[in-house]
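What follows is a short report on a single structure.
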Amino acid sequence: TSAPSEPTRPITTQQIKGVPSAPGQVVATRQTDTSVLIQWAAPKEPNNLIGYYIDQCVKGSKDWTSSNHKPRKETRFVVSGLTTGESYVFRVQAINEIGLSDESQESSPLSVKAALTTPSAPYNIALINCDGTSMVLSWKKPLQSGGAPIKEYYVDKRRSGTSMWREVHIPPLSERLYRVGGLTEGGVYQFQVYAANLAGLGPASKHSADFTCEAWTFPEPGPAYDLTFCEVRDDSFVVEWQKPLYTGSGPITGYHVEYAKTGTSDWVTFNETTTTNHFLKVTGLEVGSTYIARVRPVNAAGVGMASMTSDSVTTKAVEGLKEVSCVVDEKTGDIVFSFESCQMNFGSKFVWKKDYMEITDFSKGVEIKTEATRISKLIFKNPDKDDFGTFSVAVTNTSGISSSYSITAEELVKMLALSHDIRHPIIPLKSELSYKILERGRMRFWLQAEEISSNVTYKFFANDKELSGMGHNISTGVIEFIMDHFTTENEGTYTCQIRDGGGKAQSTLVLIGDSERFRRLLYINTRAVPSPHFSEFLSLQIGDDCSVTLVCKVANLKKESEFHWYREDKEIIPDVKPDLGAGVCKLPIKLFSLKTAGIYKATISDDRGTDMSQIDISGKGKFSLIFVCAPFNPLFPSSRPPGASAGELVISCTATGIQLQCHMKYYTAEMDIVWFKGASKLCHSDKHVIGGTPAMATMEIIEPEEKDKGMYSVVITNSENSHKRSLELSGEGQSLYDINIPRGIVIYFNLFKHHSRCLHAHLTIYVLLKQTLSLTCTVCGDPKPHVSWMRNGVEVEPDEKFVVSMDQGRFASLTIKGVVMEDSGRYSMIIQNKYGGESVDILVSVYRHGEKIPDAKPLMAPKTIIPPKLPIEMPQTKTQPAPSPAPAAQSPTPSRAAAGKAAKSPTPSRRK
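Number 764 in the numbering used here belongs to position 734 of the sequence shown; there are no gaps in the numbering.
Now the structure itself:
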């Protein structure tokens, strides 16, 4: 073992009393935009202090975190890594060998931002007016504000060529525009400007150019000033300016905006036509290029002085930039402009403008809201017709974040209408306010809404007097009121008002003593014993096919009640008895014409009494214009021109020839229908059969020949008007035959709507060995004809060699692949439907290669007429039952309606 060490010095032990006392007051001060300087007082009882720990917490939370990881011996510490613009509080703890002291008191909250500095210098001092003894100056604000708003500007002047600057105003200025007075006319001056904020006075600007104090008397306007850029995009920017103070000899009428690339003098006038605004969007620029701009005002004397050149701007949109949107709020009906900024820095604010003038008037319901720091909304709570224009927003303390939305007067009108509908919703009604007669003179007033909730409220007024006792049914939407007894005292106006949530509805019913309806109610209600009566009087129902039906409704019936129809006081016995159980009675009038016009009457009676309803449809009374809705009726000259609904002439093939058809809504023998060929009138004969059905006028050409080609017309006339339809029968576009070599032959059948006939075909086909032969024909018919193929009298069975096809339902083909000598022979193509058909034969001859093929000559092909399997019948156009008219409102109870019978043809077509 080694020798022992030297003994230690005497050691005196100390008694540690405990942990240190809490540190003193903690003060936080700004340093940078991400750090804060913390200082504090040492504890009064250090007790062998080792150091300090600093804690930080976002204001309003209790989430304390340590700012340092080992004890600090100094009483100051810089806390880094903080969020710019966020507010923090701080505290400190002392530590010794025993442990931590109590926490110090918390510091005052401090918002993290850079320490204040003085602003940079203003620049671009410009002369914008001079009257000989004073000059008006403008300048641009400093590029750096020093972390605080610029509050003041100071202007100095001096004579050109001297070094002594003199302050020209006391107190300091708040605007960047100042009139310097007390100058000597003809003197030459220079100026400089200072800016100041809370941190103090910044450096002086570069002195201005030499300005001579001479009065401006030229007729053109002076320069615009304070040019700025906003809404910079990849190929455009918006330039703004202030109007000139010197207008020249007359008012300014507009402005030209010029631009050039930085470093060049090639100025381009963007708008050849002046703009009256103090802003303009310049478009069509190069992406990523740098530009400068200037503005020239114009008056009647000409183009004025150019403004001072703007700062440079690069056409490059900020990444992530979004645009302003404009919507009508679906809940409030407010018009809302919304913008979300992709950048927000400390001190950033949203500035909204209309036509690039800041919005400062909030007295008319205009409101600006900021949501989630980055979203700003411009809200019009009381929008009106003058709130159109360009609305823009800019975000300060960013790299030029700005956007705009232009709303036109037309777009604003649509938005205002939508806003009104949202703020004043209307409860849709299925049925307006109506009435129904009940027993013992009671009256039921009711209406039906599309939908109502349990919160619905309503009021019922009779002659402006509110009545109580209404009820409703949420499931059906019906709101009703029962009046115990209806008398002459109850005549007047009845109104029901509904509110449900924000929705409203109102419906009114008028019952006045001089109306037929009101007299009817009194008649029914004043009878001692309720009798059968008409709840709805006779009315006309006119269908789309001009069918006419009389309709009425009856009520208070019993088993013994009888109903009768009359025309000119002669009873009519209808084919179908009235449906008294349904309470609806209908009388279809077959082929309404002069013969069926007149005064119609209906009666309902039993042992309790009789009621009658009457209607005049003679063409002279109340309903003389009822047929205006019909396409044509010869009874009333006031109706639409005859044949106005007539379709174009169409061709239909019959068993005996060709029929020209003119389809109409309504046709009777009373119409004056005349057919023409060219200018010659056609009469009914064995060659030309003239007729018609309830749906069309017809003219049939029996066994048409070549000489029957020409222009055909039908003229429909009455005493005042006429209508004409024409069609030319020329045969053009209908091929008689056509040859397709070497693929084969194409046969076109001249087929119309029913029976089909083959006019011509190529008789013989020559084809070389091993080629493919295709026989094709175009077919049509109604019903669709059946097509079959025969070879030497035997039906062709489709296989890989013989391919039978029907393309698009019209083109029938027989394709023979790899033709051999044995494929020669007679081929037949047969088409047939229930009206008959035809067949045609084609002779196919196969030749070897090298053999001489005879010339093909078009010849008449032998044809065979196939008779129909059933008697030929021309199809009749079906007449649809007339639709029911819109009935008067009634209780929501399903009803039955009798269908009218179809009209018959007055003049059947002739058939051979």
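Just so it is clear, CB atoms sit at the ideal spot from N, CA and C, and this is done for glycine as well.
Euclidean distance between Cα positions of residue i and residue j
i: GLY162; j: GLN220; result: 15 Å
i: PHE516; j: LYS625; result: 43 Å
i: GLY232; j: GLY48; result: 54 Å
i: GLU678; j: SER756; result: 7 Å
i: TYR321; j: PHE421; result: 25 Å
i: VAL109; j: GLN86; result: 9 Å
i: VAL396; j: SER131; result: 55 Å
i: LEU617; j: GLY611; result: 16 Å
i: THR292; j: ILE84; result: 53 Å
i: GLY278; j: LEU213; result: 22 Å
i: ILE41; j: LYS74; result: 27 Å
i: LEU203; j: ALA226; result: 10 Å
i: THR192; j: GLN222; result: 14 Å
i: PRO455; j: GLY532; result: 6 Å
i: MET741; j: GLU881; result: 51 Å
i: LEU803; j: VAL876; result: 10 Å
i: ARG209; j: PRO201; result: 14 Å
i: TRP819; j: GLY867; result: 14 Å
i: ILE512; j: ASP609; result: 28 Å
i: ARG597; j: SER643; result: 12 Å
i: TYR118; j: SER340; result: 41 Å
i: TRP94; j: ALA535; result: 60 Å
i: GLU592; j: ARG638; result: 12 Å
i: SER295; j: VAL343; result: 16 Å
i: ILE647; j: THR487; result: 46 Å
i: MET694; j: GLU733; result: 26 Å
i: LYS739; j: SER682; result: 15 Å
i: TRP297; j: PHE259; result: 17 Å
i: ASN822; j: THR845; result: 16 Å
Residue i: first and last residue of the uninterrupted alpha helix (DSSP H) it sits in
i: ASP451; result: 439 to 453
Limits of the unbroken beta strand (DSSP E) element including residue i
i: LEU207; result: 207 to 210
i: ASP641; result: 639 to 646
i: TRP476; result: 473 to 479
i: MET859; result: 855 to 863
i: VAL581; result: 578 to 585
i: ASP186; result: 182 to 189
i: PHE120; result: 117 to 125
i: PHE491; result: 487 to 492
i: CYS87; result: 81 to 88
i: PRO327; result: 320 to 329
i: ASP391; result: Here ASP391 belongs to no beta strand (DSSP E), and DSSP marks it neither H nor E.
i: GLY754; result: Per the sequence presented here, residue 754 reads as Lys, with Gly not at that position. Counting along the chain, the beta strand (DSSP E) containing LYS754 begins and ends at 752 to 759.
i: PRO618; result: 614 to 619
Beta-carbon gap between residue i and residue j smaller than 8 Å
i: GLN691; j: VAL704; result: no
i: ALA479; j: GLY507; result: yes
i: SER537; j: GLU462; result: yes
i: TYR255; j: ILE158; result: yes
i: MET836; j: ALA842; result: yes
i: PRO76; j: PRO101; result: no
i: HIS286; j: VAL328; result: yes
For residue i, the nearest candidate out of the options (CA to CA)
i: THR299; options: ARG326, ASP417, LEU459; result: ARG326
i: THR518; options: ALA492, ILE528, GLY639, ALA151; result: ALA492
i: ALA676; options: MET726, LYS717, ASP702, SER710; result: MET726
i: LYS89; options: THR114, PRO139, GLU302; result: PRO139
i: VAL581; options: SER569, GLY573, GLU592; result: SER569
i: ASP417; options: PRO828, ALA424, SER432, VAL443; result: VAL443
i: LYS864; options: HIS816, SER854, ASN822, ASP871; result: HIS816
i: ASP605; options: VAL614, ARG474, TRP595; result: TRP595
i: LYS631; options: PHE567, THR306, ASP637; result: PHE567
i: LEU146; options: PHE410, GLU104, SER743, GLY230; result: GLY230
i: MET445; options: TYR386, CYS356, ASP63; result: CYS356
i: ALA239; options: VAL218, GLN272, ASN503, LEU228; result: VAL218
Do the stretch 177 to 189 and the stretch 103 to 123 touch if we need at least three Cβ pairs shorter than 8 Å?
-> no
Examine the Cβ distances between the stretch 66 to 81 and the stretch 48 to 57 and report whether three or more of them are shorter than 8 Å.
-> yes
Touch check for the stretch 119 to 137 and the stretch 163 to 178: three-plus C-beta pairs under 8 Å?
-> Output reads no: the stretch 163 to 178 does not touch the stretch 119 to 137.
Inspect the CB distances between the stretch 423 to 437 and the stretch 331 to 340 and report whether three or more fall short of 8 Å.
-> no
Can at least three beta-carbon pairs, one atom from the stretch 342 to 361 and one from the stretch 265 to 277, be found at a separation below 8 Å?
-> yes
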